[in-house]
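Novice:
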Amino acid sequence: MHKRVIFGSKTLPALLVLPQLIITAVFFFWPAGQALILSVMREDAFGFTRTFVGLDNFRQLLSDPAYFNSLKVTAEFSLSVAVVGLTLPLLMAVMADRVIRGQGFYRTMLIWPYAVAPAVAGVLWGFLFNPAIGILTPVLRSLGIDWNFVVNGQQAMALAVGAACWNQFAYNFVFFLAGLQSVPRSLIEAAAIDGAGPARRFWTIIFPLLSPTAFFLLVVNICYAFFDTFGLIDTLTQGGPAQATNILVYKVWSDSFRALDLGSSATESVILMAIVGVLTVVQFRYVERRVHY
Amino acid sequence: MVENRPWLTVASHAVLIVGVVVIILPLYVAFIGATQTQDAMLHVPIPLTPGNQLWVNLRTLLFTGAGGGADAPPVWLMLFNSLVMALGIALGKIAISIIAAYAVVYFSFPFRMTCFWAIFVTLMLPVEVRILPTYKVVADLGLLNSYGGLILPLIASATATFLFRQFFLTVPDELTEAARIDGAGPVRFFLHILLPLSRTPIAALLVIQFIYGWNQYLWPLIITTKQNYYTVVMAVSRIAVVGDSIAQWNLVMALALLATVPPVLVVVFLQRQFVKGLVETEK
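Sequence lines, in order, name chains H and F.
For the first sequence, the working numbering gives the first residue as 32, with consecutive numbering after it.
For the second sequence, the working numbering gives the first residue as -2, with consecutive numbering after it.
1. Between LYS133 (chain F) and chain H, is there a C-beta pair that is closer than 9 Å?
2. Using a C-beta to C-beta distance shorter than 7 Å, which residues of chain F count as neighbours of ILE54 (chain H)?
3. Count the other C-beta atoms from every protein chain shown that fall within 10 angstroms of the C-beta of ARG129 (chain H), then say buried if there are 16 or more, exposed otherwise.
4. Please tell me whether VAL57 (chain H) has its Cβ less than 9 Å away from any Cβ of chain F.
5. Give me the chain F residues within the contact set of ARG129 (chain H), using Cβ-Cβ distance strictly less than 8 Å, ordered along the chain.
6. With 7 Å as the limit, tell me which residues of the stretch 179 to 192 of chain F have their beta carbon closer than that to any beta carbon of chain H; keep them in chain order.
7. Have a look at GLY271 (chain H) and LEU119 (chain H) and give me their C-alpha separation to the nearest angstrom.
8. Taking only the alpha-carbon atoms, compute the straight-line gap between ARG216 (chain H) and ILE237 (chain H) and give it to the nearest angstrom.
9. Mind checking who MET72 (chain H) pairs with in its DSSP beta bridge?
10. Just to make sure I have the definition right: I need the residues of chain H whose C-beta is within less than 9 Å of the C-beta of LEU76 (chain F). Which are they?
11. Quick one: which chain F residues come within Cβ less than 7 Å of ASP95 (chain H)?
12. Which word fits THR57 (chain F), buried or exposed, when buried means at least 16 other C-beta atoms lie within 10 angstroms of its C-beta?
13. Between the C-alpha atoms of ALA223 (chain H) and VAL214 (chain H), what's the straight-line distance to the nearest angstrom?
14. Excluding the 5 residues flanking GLN35 (chain F) on each side, which residues of the same chain have their C-beta closer than 6 Å to its C-beta?
15. In the structure shown, what three-state DSSP assignment does MET250 (chain F) receive?
16. Rounded to whole angstroms, what's the CA-CA distance from GLY66 (chain F) to ALA56 (chain H)? Just pull it up for me.
17. Is the Cβ of ARG231 (chain H) closer than 9 Å to any Cβ of chain F?
18. Alpha carbon to alpha carbon, how far is GLY85 (chain H) from VAL301 (chain H)? Give it in angstroms, no decimals.
19. Taking only runs of the alpha helix (DSSP H) that begin and end inside the stretch 209 to 244 of chain F, which ones reach a length of at least 4 residues, in chain order?
20. Since VAL71 (chain H) and PHE83 (chain H) are thought to touch, with beta carbons under 8 Å apart, how far apart are those beta carbons, to the nearest angstrom?
21. What are the uninterrupted segments assigned as beta strand (DSSP E) that are 3 or more residues long and contained completely in the stretch 147 to 216 of chain H, given in chain order?
22. Look at the alpha carbon of ALA92 (chain F) and the alpha carbon of ILE152 (chain F), and state the distance between them as a whole number of angstroms.
23. Which of the residues in the stretch 277 to 293 of chain H, read from start to end, lie with their CB under 8 Å from any CB of chain F?
24. Please report whether the beta-carbon of MET188 (chain H) lies at a distance below 9 Å from any beta-carbon of chain F.
25. For a contact meaning CB atoms closer than 8 Å, what does LEU45 (chain F) contact in chain H?
26. Using the Cα positions of HIS323 (chain H) and GLY116 (chain H), report the straight-line distance between them to the nearest angstrom.
27. Does the CB of PHE108 (chain H) have a neighbour CB from chain F at under 9 Å?
28. Going by beta-carbon coordinates alone, are LEU171 (chain H) and LEU267 (chain H) separated by less than 9 Å?
29. Measure the C-alpha to C-alpha separation of PHE159 (chain F) and PRO198 (chain F) and round it to an integer number of angstroms.
30. Under the DSSP definition of a beta bridge, which residues are partnered with PHE104 (chain F)?
31. Hey, is ALA115 (chain F)'s beta-carbon within less than 9 Å of any beta-carbon in chain H?
32. Answer yes or no: do SER101 (chain H) and ASN252 (chain H) have a C-beta to C-beta separation smaller than 9 Å?
33. For PHE158 (chain H) and THR32 (chain F), I'd like the C-alpha separation in whole angstroms.
34. May I have the straight-line CA-CA distance separating TRP234 (chain H) from VAL102 (chain F), to the nearest angstrom?
35. What residues from chain F crowd round LEU303 (chain H), counting only those whose CB sits closer than 7 Å?
36. If you reduce the DSSP assignment to three classes, tell me which class GLY146 (chain F) lands in.
Put into structure tokens, the structure is as follows:
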């Protein structure tokens, strides 16, 4: 990771890394440290004294049914987003890679949702499926679904997953398309000469070559569902109905800024940090041995 | 195309067109909504073809204020705030990370690897995760309700540093040698050789970080209590989620368009930089 040719100065590089180090220390390490400390302390009601309570906060949190529900909801939400959110872009990317005419047009039309803020995506989807005036509500009702995501938890979850997949579609599509375009043409031509049809070529050549991309996207999508969907949940369901979409990031926020439950919010922060840590390690271990087999 | 299979090509186009329609639908409905009167949006079924109120709605929002309420600031101010925040985050991130990456790659100094890892682990801590303690720090520094408070906590990120580091490692050593033989010091080498060479990654990062900054929601929601500092994405949620009262859907959709069009234009017109930025920052 080092250059053969380097400069000798010692003070200049220190000055160069200083701005980023200061920002990192002030806005990352200090708050993260605070959260860690608060997570093993208990404050009295007035905030005058703090006592060390060890892992009590964690024990209390994990035995709290509301937190357990939030964990379950988060797992369900992020897995659904990851699975649905990967299949459809893959299909579209395979099709877009096949066609010659209009490829640029399709690509432009399929990537713009990346620019839509999750909070705005929540508003748009909430409007499409609004129980009173949404234009898709009559369609669902005519199919015999009693659609009202404002009171039905399962429907609220389905809608949040749909909106998140729509929002994340462009990202996955771009990566799959880039992956498909880097598959060597000669391999595909050789298989075609040997008599393999398009479906067979896809499953035996293209799909295995795409699997590193797919795995990478799986981790990214889980991260997206875990941490970037706050705005979407806030504008679509506010974690409801009856906590059916109260994912962990939403709960951290509502415990901190609505319930003002500082100890429990710090503990939740620490658990979330641990989850991000694990996901990042998984991702980087994979990046290190990005092999094409 | 390996072989000619006309029916498969037709099927591909059909699937793609269905996909495009599904992807466009939410934006189309928002556009239709933005062109209606408030009255038209209250009667089921709501119109599916454009009305003639688009300019009226946009003018109301831009100059009178979101939702028409007396206390609501005009939307042009929020658009300006979003622009300041997005550009501040994008440029700030690029500025601090390109010099940090330069130091880590081109110099040998004590604690070089410690610095690198200290920056690198921040990849693991999105602001949503440590929201309350970060809020406290910003409050203690007196940065609530300021552009500094909106921008600074979000410019610390390892992705850009990492990307520049990867890029610098691919720059041939011969260039550095030649520059040194010609008598260029580290500052001159950076300004006259490395910076011009980095145009492509800088443009790619600019696009990605601009969108990242523009679309921030939770952070501005928490640290702004004065309406002069509201961003447009926050405003969409404020007038859309009104609890039991009835939302003015025509204005909500017009505001959603105002919040969405600038970043969408960036993605569409800077498509090459966007795709490059996306694929490279995540490696």
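Heads up, the beta-carbon is just placed ideally off N, CA and C, and yes, glycines get one too.
Keep in mind the model is a prediction, meaning the values are calculated, not measured.
Specialist: According to the structure data:
1. Counting from 1 along the second sequence, the entry for residue 133 (chain F) is found at position 136. Yes - at least one Cβ of chain H is within 9 Å of the one on LYS133 (chain F).
2. The residue labelled residue 54 (chain H) in the question sits at position 23 within the first sequence. Neighbours of ILE54 (chain H) on chain F, chain order: ILE93, LEU149, ILE152 and ALA153.
3. One-based indexing of the first sequence puts residue 129 (chain H) at position 98. Buried: at least 16 other Cβ atoms inside 10 Å.
4. Position 26 of the first sequence, counted from the first residue, corresponds to residue 57 (chain H). Closer than 9 Å: yes.
5. Start at 1 with the first residue of the first sequence, and residue 129 (chain H) comes out as number 98. By Cβ distance, chain F contributes MET(-2), LEU5, THR6 and SER9.
6. PRO183
7. For the purposes of this step, residue 271 (chain H) is taken as the residue at position 240 of the first sequence. For the purposes of this step, residue 119 (chain H) is taken as the residue at position 88 of the first sequence. C-alpha separation (whole angstroms): 27 Å.
8. In the first sequence, residue 216 (chain H) corresponds to position 185, counting from 1. In the first sequence, residue 237 (chain H) corresponds to position 206, counting from 1. In a straight line, the C-alpha of ARG216 (chain H) is about 10 Å away from that of ILE237 (chain H).
9. Counted from its first residue, the first sequence places residue 72 (chain H) at position 41. MET72 (chain H) is bridged to H:PHE83.
10. Locating residue 76 (chain F) in the second sequence gives position 79, counting from the first residue. Residues of chain H passing the Cβ test: none, with the nearest at roughly 13 Å.
11. The residue you call residue 95 (chain H) lines up with position 64 of the first sequence. Going along chain F, no residue has its Cβ under 7 Å from ASP95 (chain H), so there is no contact; the nearest lies around 18 Å.
12. Position 60 of the second sequence, counting from 1, holds the residue named residue 57 (chain F). Answer is buried; the Cβ neighbour count reaches 16.
13. Working through the first sequence from its first residue, we reach residue 223 (chain H) at position 192. Working through the first sequence from its first residue, we reach residue 214 (chain H) at position 183. About 14 Å.
14. Start at 1 with the first residue of the second sequence, and residue 35 (chain F) comes out as number 38. Hits under 6 Å: GLN245 and ASN247.
15. For the purposes of this step, residue 250 (chain F) is taken as residue 253 along the second sequence, with counting starting at 1. MET250 (chain F) falls in the helix class under three-state DSSP.
16. For the purposes of this step, residue 66 (chain F) is taken as the residue at position 69 of the second sequence. For the purposes of this step, residue 56 (chain H) is taken as the residue at position 25 of the first sequence. With a pLDDT of only 49 at GLY66 (chain F), under 50, the local geometry of the prediction cannot be trusted, and the value read off the model is given with reservation. Straight-line Cα distance between these residues: approximately 41 Å.
17. Indexing the first sequence from 1 puts residue 231 (chain H) at position 200. No, its Cβ sits nowhere closer than 9 Å to a Cβ of chain F.
18. To locate residue 301 (chain H), count along the first sequence from 1; it is residue 270. To locate residue 85 (chain H), count along the first sequence from 1; it is residue 54. Straight-line Cα distance between these residues: approximately 14 Å.
19. 215 to 220 and 229 to 237
20. Mapped onto the first sequence, residue 71 (chain H) falls at position 40. Mapped onto the first sequence, residue 83 (chain H) falls at position 52. Their Cβ separation, rounded to whole angstroms, is 6 Å, which keeps VAL71 (chain H) and PHE83 (chain H) in contact under 8 Å.
21. none
22. As a first step, residue 92 (chain F) is located in the second sequence; it is residue number 95 there, counting from the start. As a first step, residue 152 (chain F) is located in the second sequence; it is residue number 155 there, counting from the start. Straight-line Cα distance between these residues: approximately 10 Å.
23. VAL280, VAL283, TRP284, SER287, PHE288 and LEU293
24. The residue you call residue 188 (chain H) lines up with position 157 of the first sequence. Closer than 9 Å: no.
25. For the purposes of this step, residue 45 (chain F) is taken as the residue at position 48 of the second sequence. Result: ILE166.
26. Position 292 of the first sequence, counting from 1, holds the residue named residue 323 (chain H). Position 85 of the first sequence, counting from 1, holds the residue named residue 116 (chain H). Its pLDDT being 44, under 50, HIS323 (chain H) is placed unreliably by the model, and the measurement read from it follows with that caveat. Taking the straight line joining both Cα atoms gives about 23 Å.
27. As a first step, residue 108 (chain H) must be located in the first sequence, where it is residue number 77. Taking Cβ atoms only, chain F never reaches closer than 9 Å to PHE108 (chain H), which makes this a no.
28. For the purposes of this step, residue 171 (chain H) is identified with residue 140 of the first sequence, where counting begins at 1. For the purposes of this step, residue 267 (chain H) is identified with residue 236 of the first sequence, where counting begins at 1. Not in contact: LEU171 (chain H) and LEU267 (chain H) (Cβ atoms no closer than 9 Å).
29. Taking the first residue of the second sequence as position 1, residue 159 (chain F) is located at position 162. Taking the first residue of the second sequence as position 1, residue 198 (chain F) is located at position 201. Cα to Cα, PHE159 (chain F) sits roughly 11 Å from PRO198 (chain F).
30. Indexing the second sequence from 1 puts residue 104 (chain F) at position 107. H:PHE38, per the DSSP bridge assignment.
31. Taking the second sequence and counting its residues from 1, one reaches residue 115 (chain F) at position 118. Closer than 9 Å to some Cβ of chain H, the Cβ of ALA115 (chain F) qualifies, so yes.
32. Counted from its first residue, the first sequence places residue 101 (chain H) at position 70. Counted from its first residue, the first sequence places residue 252 (chain H) at position 221. In this structure, ASN252 (chain H) does not lie closer than 9 Å to SER101 (chain H) by Cβ.
33. If you number the first sequence from 1, residue 158 (chain H) lands on position 127. If you number the second sequence from 1, residue 32 (chain F) lands on position 35. Approximately 15 Å between the Cα atoms of the pair.
34. Working through the first sequence from its first residue, we reach residue 234 (chain H) at position 203. Working through the second sequence from its first residue, we reach residue 102 (chain F) at position 105. Rounded to whole angstroms, TRP234 (chain H) to VAL102 (chain F) spans 42 Å at the Cα level.
35. Here the question's residue 303 (chain H) lines up with position 272 in the first sequence. The contacting residues are VAL126.
36. As a working note, residue 146 (chain F) is residue 149 in the second sequence. Three-state result, GLY146 (chain F): helix.
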